[in-house]
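Encoded as structure tokens, the structure appears first; notes follow it.
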Amino acid sequence: MKYIFFLLIGLSLTLPAMVFGQRLSTRTGFVGFYSKTALEDIKAENNQVFAIIEPGTKKLAFSLLLKGFVFRKELMQEHFNENYVESDKYPKATFAGTYTGDVDVNKEGTYKVVVKGELNLHNTSKSVEAPAVLEVKAGHLIGATEFKAKPEDYNIGIPSLVRDKIDKEITVKVHIDCPITK
Amino acid sequence: MIIKRILFIILVFAATGRTLAQDSTLLNALNDSMSAHKSRSYVTGTFKATHIINEQTIESPAAGNLNFVIQHRFGQLNSGSYNFFGLDNATLRLGLEYGITDDLDVGIGRSSYLKTFDGYVKYKLLKQTEGAGMPVSVSVLGTVSDYTQDVAGKPYLNTKYRTAYAGQLLIARKITRDLSLQITPAYLHYNLVPTVADKNDVFALGMGGRVKITRRMSITGEYDWLPSNQVVSTTVHNSFSLGWDIETGGHVFQLVFSNSQSMVPTQYLTQTSGTWGKGDIFFGFNISRNFNLKKKR
Numbered sequence: 012m013k014y015i016f017f018l019l020i021g022l023s024l025t026l027p028a029m030v031f032g033q034r035l036s037t038r039t040g041f042v043g044f045y046s047k048t049a050l051e052d053i054k055a056e057n058n059q060v061f062a063i064i065e066p067g068t069k070k071l072a073f074s075l076l077l078k079g080f081v082f083r084k085e086l087m088q089e090h091f092n093e094n095y096v097e098s099d100k101y102p103k104a105t106f107a108g109t110y111t112g113d114v115d116v117n118k119e120g121t122y123k124v125v126v127k128g129e130l131n132l133h134n135t136s137k138s139v140e141a142p143a144v145l146e147v148k149a150g151h152l153i154g155a156t157e158f159k160a161k162p163e164d165y166n167i168g169i170p171s172l173v174r175d176k177i178d179k180e181i182t183v184k185v186h187i188d189c190p191i192t193k
Numbered sequence: 061m062i063i064k065r066i067l068f069i070i071l072v073f074a075a076t077g078r079t080l081a082q083d084s085t086l087l088n089a090l091n092d093s094m095s096a097h098k099s100r101s102y103v104t105g106t107f108k109a110t111h112i113i114n115e116q117t118i119e120s121p122a123a124g125n126l127n128f129v130i131q132h133r134f135g136q137l138n139s140g141s142y143n144f145f146g147l148d149n150a151t152l153r154l155g156l157e158y159g160i161t162d163d164l165d166v167g168i169g170r171s172s173y174l175k176t177f178d179g180y181v182k183y184k185l186l187k188q189t190e191g192a193g194m195p196v197s198v199s200v201l202g203t204v205s206d207y208t209q210d211v212a213g214k215p216y217l218n219t220k221y222r223t224a225y226a227g228q229l230l231i232a233r234k235i236t237r238d239l240s241l242q243i244t245p246a247y248l249h250y251n252l253v254p255t256v257a258d259k260n261d262v263f264a265l266g267m268g269g270r271v272k273i274t275r276r277m278s279i280t281g282e283y284d285w286l287p288s289n290q291v292v293s294t295t296v297h298n299s300f301s302l303g304w305d306i307e308t309g310g311h312v313f314q315l316v317f318s319n320s321q322s323m324v325p326t327q328y329l330t331q332t333s334g335t336w337g338k339g340d341i342f343f344g345f346n347i348s349r350n351f352n353l354k355k356k357r
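Here it is, written out as structure tokens:
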């Protein structure tokens, strides 16, 4: 009985780590957002996105520094950080969630999944659900998705004077490429 | 029996507890990784505009950006109802500022006050970093001014005599997100001064700052100290100005009150004749409009 007990304790401590332990990650993921209106096109891209995927649990998380978004216009970038997302107060945007569907990282292929989770921006959380594509190819797990976000949902105030220059719904594109480690 | 129960708890914990904790652990793992790979970043938005009021700030237009600056001062508030408390008169400086690189910018201006032309070069020597590292931003600014107004009975006043130079060191720190301060030591040289008692080389010290009141508005103040015994043939005072900045998109609008009429450093630092106490206050505004000339992909 005692042996079984220790065996189980041992298993219970190591098994989850073995099953769920494989974590694929990147520090150079991509997130871009795009706003198109008759008055102004806004494009901002961040190539320093940290992402982590745990195929065993189908969980994934993203984190990025808002200051890492590069705009076409320097002044837009400053206003984004200073006036809109207040990146000195809330430097990060994060996402934590899960995906549906069975993705076998040991088999090459393209998998259509649905990603669901909490997006935290400007100290405000909102649940987001979006179809995504996960692809296992040449020892990499590549993920891509696109979804819409409303600035007002994240408590980001836009003065009425410039409201027409910013799309009501901002398109967000995500692309990550994680090497598959054993 | 007890062992069985413990076993059961362990099993339940193993099956659910650890996985439940994963959500936050994944984010925690990311955050740990982020702080381990943190890169140095510079403080932005120390000031809204390129001028506190009259003094230039460490801010400059980004590479390929052109700022069109209109600085406007009405007449003195104490000039009476006949002059509609100064609003009948106006002094204007039109300026263009262009960012050659993100750190280097050049500007030209023309003021109606003494029909003055000015030109400057400004370079960011040091940039304040977030957290440890560099505590201040430092820029160096060189200005040349030349007034072209005819002076009756002084035909000898040629361009050389009318030219003056200002070298300024702008040292600023964004102390909190709402408070930024700048001190600006200035060294001025005048090719010609009215009398031998006046110094050709003059030292002045500017002190200024801004307090943000909302995300897009701030109150600014500026005091320019001119140590005595440098300008003696005319009565001059230290320059004191207050302003209210309002920012909307590519514009910065500043409402200002100042006892200086000129907006060129070689003039407002050493030729401010008015005082606040007597009501020699010039009301006016600065407007700057940013144009992005460079096509960045």
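The listed protein sequences correspond, in order, to chains A and B.
12 is the number of the first residue of the first sequence in the working numbering; add one for each residue after it.
61 is the number of the first residue of the second sequence in the working numbering; add one for each residue after it.
Ideal Cβ placement from N, Cα and C applies to all residues, glycine included.
{"query": "Please list, in chain order, the chain A residues whose beta carbon lies closer than 7 Å to that of ASN91 (chain B).", "result": "SER74"}
{"query": "Anything in the region 76-93 of chain A with a Cβ closer than 7 Å to a Cβ of chain B? List those residues in chain order, please.", "result": "LYS78, ARG83, LYS84, GLU85, LEU86, GLU89, ASN92, GLU93"}
{"query": "Run through chain A and tell me which residues come within less than 7 Å of ARG270 (chain B), C-beta to C-beta.", "result": "Within chain A, no residue comes near ARG270 (chain B); the closest Cβ sits about 13 Å away, beyond 7 Å."}
{"query": "Nearest by alpha-carbon distance to GLY154 (chain A): which of A:GLU129, A:ILE169, A:ILE177, A:ALA141 is it?", "result": "A:ALA141"}
{"query": "Give the interface partners of ARG174 (chain A) over in chain B, defined as CB-CB distance under 7 Å, in chain order.", "result": "The premise fails here: ARG174 (chain A) is roughly 11 Å from chain B at the closest Cβ pair, so nothing lies under 7 Å."}
{"query": "Does GLU119 (chain A) pass the burial test, meaning 16 or more other C-beta atoms within 10 Å, or should it be called exposed?", "result": "exposed"}
{"query": "Please report the straight-line C-alpha distance between LYS179 (chain A) and VAL312 (chain B), rounded to a whole angstrom.", "result": "25 Å"}
{"query": "With a CB to CB cut of under 6 Å and the five nearest residues on each side skipped, what residues in its chain are close to ILE181 (chain A)?", "result": "PHE44, SER46, ALA160"}
{"query": "In chain A, what lies closer than 7 Å to ASN370 (chain B) by C-beta?", "result": "The shown model of chain B, from 61 to 357, leaves out residue 370 (chain B), and the question about it has no answer."}
{"query": "Verify the CB distance criterion: does ALA226 (chain B) have a CB-CB separation below 7 Å to chain A?", "result": "no"}
{"query": "Under a CB-based cut-off of 7 Å, is ILE63 (chain A) close to chain B?", "result": "yes"}
{"query": "Taking Cβ-Cβ distances shorter than 8 Å, what residues in chain A pair up with SER346 (chain B)?", "result": "Going by the sequence as given, residue 346 (chain B) is Asn instead of Ser. Here the premise fails: no neighbours, minimum Cβ distance about 17 Å."}
{"query": "Along chain A, in chain order, which residues have C-beta atoms closer than 8 Å to that of ALA232 (chain B)?", "result": "Simply none; closest approach about 16 Å."}
{"query": "I need the boundaries of the alpha helix (DSSP H) containing LYS127 (chain A), first residue and last residue.", "result": "Looking at the DSSP string, LYS127 (chain A) is not in any alpha helix (DSSP H); the run it does join, the beta strand (DSSP E), is 120-132."}
{"query": "The alpha helix (DSSP H) that contains GLU146 (chain A), what's its start and end?", "result": "Where GLU146 (chain A) is concerned, there is no enclosing alpha helix (DSSP H), although the beta strand (DSSP E) it sits in stretches over 135-148."}
{"query": "So for LEU86 (chain A), helix, strand or coil by DSSP?", "result": "helix"}
{"query": "Is ARG174 (chain A) buried or exposed, if buried means 16 or more other CB atoms sit within 10 Å of its CB?", "result": "exposed"}
{"query": "Does ASN114 (chain B) pass the burial test, meaning 16 or more other C-beta atoms within 10 Å, or should it be called exposed?", "result": "buried"}
{"query": "Return the first residue and the last residue of the beta strand (DSSP E) that LYS103 (chain A) is part of.", "result": "103-110"}
{"query": "To the nearest angstrom, how far is the alpha carbon of THR39 (chain A) from that of ALA109 (chain B)?", "result": "34 Å"}
{"query": "Residues in the same chain with beta-carbon distance under 7 Å from HIS249 (chain B), minus the five sequence neighbours each way, listed in chain order, please.", "result": "ALA224, TYR225, ASN260, ASP261"}
{"query": "Shorter than 7 Å from the beta carbon of ASP99 (chain A) to some beta carbon of chain B?", "result": "yes"}
{"query": "Should LYS69 (chain A) be flagged as near chain B, meaning a C-beta pair shorter than 7 Å?", "result": "no"}
{"query": "For VAL144 (chain A) and ASP164 (chain A), what's the separation of their Cα atoms in angstroms?", "result": "25 Å"}
{"query": "Nearest-angstrom Cα distance between VAL116 (chain A) and ALA89 (chain B)?", "result": "21 Å"}
{"query": "In chain order, what residues of the same chain lie with their CB nearer than 8 Å to the CB of GLN82 (chain B), ignoring the 5 residues before and after it?", "result": "The predicted position of GLN82 (chain B) is uncertain, since its pLDDT is 44 and thus under 50; a value taken from the coordinates is nonetheless stated next. Nothing listed; no residue qualifies."}
{"query": "Say whether chain A places a C-beta atom closer than 7 Å to the C-beta of ARG275 (chain B).", "result": "yes"}
{"query": "Below 6 Å CB to CB, which residues in the same chain sit around ILE53 (chain A) once its five sequence neighbours on both sides are set aside?", "result": "SER46"}
{"query": "Just checking, does the region 153-170 of chain B make contact with the region 335-342 of chain B on the three C-beta pairs under 8 Å criterion?", "result": "no"}
{"query": "How about LEU130 (chain A) and VAL124 (chain A): do their beta carbons lie closer than 7 Å?", "result": "no"}
{"query": "Give me the DSSP bridge partner(s) of PHE44 (chain A).", "result": "A:ALA55, A:VAL183"}
{"query": "In chain order, what are the residue ranges of uninterrupted alpha helix (DSSP H) at least 4 long that sit wholly in the region 169-253 of chain B?", "result": "219-222"}
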